[in-house]
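A.B. asks: Dumping the structure here so I can ask a few things about it.
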Amino acid sequence: QVQLVESGGGLVQAGGSLRLSCVASRSLFSINAMNWYRQAPEKQRELVATITSGGSTNYADSVKGRFTINRDNAKNTVYLQMNSLKPEDTAVYYCSADLIYRYWGQGTQVTVSS
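Structure follows, in structure tokens:
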């Protein structure tokens, strides 16, 4: 099992930046992959970015070149640096951890105003 706590969401103007954090209750090396998802109102949850235990990363096409996922193993923390934010990035952002099962954090709201 793992518990995940996200933080860093908020209200920002278009073109601005935010950094989301996700603190895990266990070592990131024991987790196959860490992911950031988002869900906008009346839309399906979508995968935004992934980082594996080996450090490989993957991004949704809609955020490539603007978002960066990275991690601090000493702090058991994964970050999502979001730059050049757009109103369409507005959503609740969720951190998830892939073990035998997928575990979810509680989510953090990101609102981008135009």
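Counting from 1, one number per residue, gives the positions in the sequence shown under this note's numbering.
By construction, the Cβ of each residue, glycine as well, lies at the ideal position given by its N, Cα and C atoms.
Fair warning: this is a prediction, and the values are worked out from it, not measured in the lab.
By the 10 Å Cβ neighbour count, where 16 or more other Cβ atoms means buried, how is D89 classified, buried or exposed?
C.D. replies: The residue in question, D89, is buried, as its Cβ has 16 or more Cβ neighbours within 10 Å.
A.B. asks: Residue ranges of each beta strand (DSSP E) run of no fewer than 3 residues wholly in the region 61–97, ordered along the chain?
C.D. replies: Whole beta strand (DSSP E) segments, 3+ residues: 67–72, 77–82.
A.B. asks: Measure the CB-CB distance between W36 and A24 and report whether it falls below 7 angstroms.
C.D. replies: Cβ distance not < 7 angstroms, so W36 and A24 don't count as in contact.
A.B. asks: Quick check: what's the CA-CA separation for T52 versus R71?
C.D. replies: Those two C-alpha atoms are separated by around 10 angstroms.
A.B. asks: To the nearest angstrom, how far is it from the Cα of R102 to the Cα of E6?
C.D. replies: Approximately 16 angstroms, taken between the alpha carbons.
A.B. asks: Hey, would you say A74 sits closer than 7 angstroms to A40, going by beta carbons?
C.D. replies: It is not a contact, given that the beta carbons lie outside the stated cut-off.
A.B. asks: For I31, collect the residues of the same chain with a Cβ closer than 8 angstroms to its Cβ; drop the 5 residues on either side in sequence, then sort them by chain order.
C.D. replies: Closer than 8 angstroms at the Cβ level, and outside the excluded window around I31, lie V2, A24, S53, A97, D98, L99.
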